[in-house]
Amino acid sequence: MKVAIVGDTHFGYYRFEEDGYRQGEQALLKAAEMADMIVHTGDMFDAVVPKFEVIRRVLDILKKIKKPIFAIHGNHERRTRGQTNVLKILDSAGLLKYLHNEVASFGNVSILGVGSIPEDMAVDGIQKSVSINIEKMNGFRILAIHQMIAGVGYGGYELDLDFVEKLPFDLIVNGHMHKAGVFMNGKLIIPGSTVVTQLREDESDKKGFYIYDTEARKAEFVEISARPFFIEKIEFRGEGVEEARKKILEAFEKIKKQNHNAIVKIKLTGSLREGLRPSDFSFDSINDLFVQNDMEEKTLAERIKGIQEVRQEKMSVRERILSEISKQLDGKIRFSPSEMFELLSEDPERAYEKILKEAKEDIEPEG
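Just so we're aligned, residue 1 is where the sequence shown starts under this note's numbering, counting upward by one.
Okay, structure coming up:
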């Protein structure tokens with residue numbers, strides 16, 4: 001049996017909506033050609049309650065699929081208990097089988113679907129579902145989930161590889177994470193997303209899905225034709241606003257010249273010319289260009305602290321000089337060292353006259 005694993009199509013995502021339809025449809029149609037069944041690991045839709053126009057587009061895609069589709073809900077589709085999930089509607093229409101804490105079978109394959117659960121409840125939720133349903137499963141057993149897994153992606157979460165590896169399944173497929181990969185010697189497969197949504201570095205890899213052969217127990221990644229996504233980093237070191245804009249456009253145009261349909265994100269770091277703040281920098285909207293401004297900005301408190309440090313440094317120098325003058329003139333003059341310091345700083349000649357006058361008075365006998 002060959003099982004296609006597709007995930008995170010995010011149909012209806014506003015920023016790259018047409019990319020989502022085109023690439024998601026391509027993945028599902030190709031999966032139907034190559035596999036006996038399809039498992040969708042959640043976030044088929046981008047919104048909890050999709051627009052009618054989005055649902056219609058997805059209906060048109062699913063009607064073309066002639067292989068059984070088993071789907072779970074993702075965090076984007078998760079609704080509170082008692083509310084209708086959009087996947088239930090598609091199930092009622094006979095376009096897919098929606099699974100949540102439920103087992104379905106096809107041929108010699110049994111699949112348990114556990115839709116997205118809040119991360120802090122994931123371990124208990126999955127354990128409970130498995131304990132209730134595992135005895136209902138025969139043949140090759142698949143678990144479909146939609147969670148973050150610590151040790152695989154970004155962030156630390158309750159669910160980790162140790163927990164996942166101990167689950168009693170032949171194959172575990174997981175959505176939610178947009179970077180595709182195979183883990184635990186082939187037991188865990190993450191198909192990744194078919195469209196860019198988060199503009200993160202883990203989305204810059206190739207897009208596609210997996211075909212898993214249950215007899216050979218091997219997975220093959222099938223790439224789809226998707227718009228490339230690039231992240232460029234620019235560090236500023238005192239440039240002006242116009243010079244900064246020029247650098248950004250040059251980087252963008254260089255990438256677009258080699259990849260005309262690319263999506264480009266440029267991350268800005270460093271700092272602009274003295275006196276300019278990152279908030280002084282703005283950039284006109286350009287198709288396919290996204291600018292992330294991470295430039296350093298000194299807050300008012302930091303600026304005040306800097307001024308105080310400079311003043312303190314100056315004061316420290318003054319205090320050191322006064323200390324030295326006090327040592328050298330201790331008991332030799334009748335006026336304060338600070339007065340002498342000010343005189344030496346402002347009018348050395350007057351300071352000299354004052355010292356001579358004081359010395360003369362000390363020498364002359366009292367009348």
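All C-beta atoms in this analysis are idealised placements derived from N, C-alpha and C, irrespective of residue type, glycine included.
As the structure is a computational prediction, the values presented were derived from the model and not from experiment.
Contact belief for residue i with residue j at Cβ below 8 Å, rounded distance in angstroms
i	j	result
Asp46	Gly175	Asp46 to Gly175, Cβ: 13 Å. No contact.
Phe229	Ser204	5 Å
Met372	Phe236	Residue 372 lies beyond the stretch modelled for the chain, which goes from 1 to 367, so this question has no answer here.
Leu90	Leu62	7 Å
Ile189	Met34	At roughly 15 Å, the Cβ-Cβ gap does not stay under 8 Å, so Ile189 and Met34 are not in contact.
His100	Ile65	About 21 Å separates the two Cβ atoms, so there is no contact after all.
Contacting residues, own chain, Cβ-Cβ under 8 Å from residue i (five flanking each side not counted)
i	result
Phe140	Met1, Asn108, Val109, Ser110, Asp170, Leu171 and Thr214
Thr299	With a pLDDT of 49 at Thr299, under the threshold of 50, the predicted position of this residue should be treated as unreliable, and no value is reported.
Asn293	Leu268, Pro278 and Phe281
Ile255	Phe230, Glu232, Ala262 and Val264
Leu249	none
Asn133	Asn101, Glu102, Val103 and Leu112
Lys179	Gly153, Ile190, Gly192, Asp202, Glu203 and Asp205
Contacting residues, own chain, Cβ-Cβ under 6 Å from residue i (five flanking each side not counted)
i	result
Tyr21	Arg57
Ala226	Gln23 and Lys207
Asp36	Met1 and Lys2
Ile145	Val114 and Asn174
Ala27	Val6, Thr194, Phe209 and Ile224
Leu87	Ala71, His73 and Tyr98
His76	Asp43 and Asp46
Arg15	none
Spatial distance of residue i from residue j (CA atoms)
i	j	result
Leu143	Lys218	16 Å
Pro191	Lys206	11 Å
Leu167	Gly125	13 Å
Arg10	Lys136	With the sequence shown as reference, residue 10 is identified as His, and Arg is not the correct amino acid for it. Between His10 and Lys136, the C-alpha separation is close to 31 Å.
Glu239	Thr84	54 Å
Phe183	Val241	46 Å
Ile117	Glu243	48 Å
Asn138	Leu29	28 Å
Arg245	Tyr13	29 Å
Asp60	Gly186	33 Å
Val164	Gln147	11 Å
Close beta carbons around residue i, own chain, < 7 Å, minus the five adjacent residues each side
i	result
Asp288	Ala262, Ile263 and Val264
Ala251	Glu232, Ile234 and Ile266
With three or more C-beta pairs closer than 8 Å as the rule, is the segment 35-53 touching the segment 84-100? In this structure the segment 84-100 touches the segment 35-53; the number of beta carbon pairs closer than 8 Å is three or more.
Runs of 3 residues minimum, wholly inside the segment 34-99: which ones carry the beta strand (DSSP E) assignment? Those beta strand (DSSP E) runs which fall completely within the segment 34-99 and span 3+ residues are 37-40 and 69-71.
Could you tell me which whole alpha helix (DSSP H) segments of length 4 or greater appear in the segment 95-170? List check, alpha helix (DSSP H) in window: 122-133 and 161-165.
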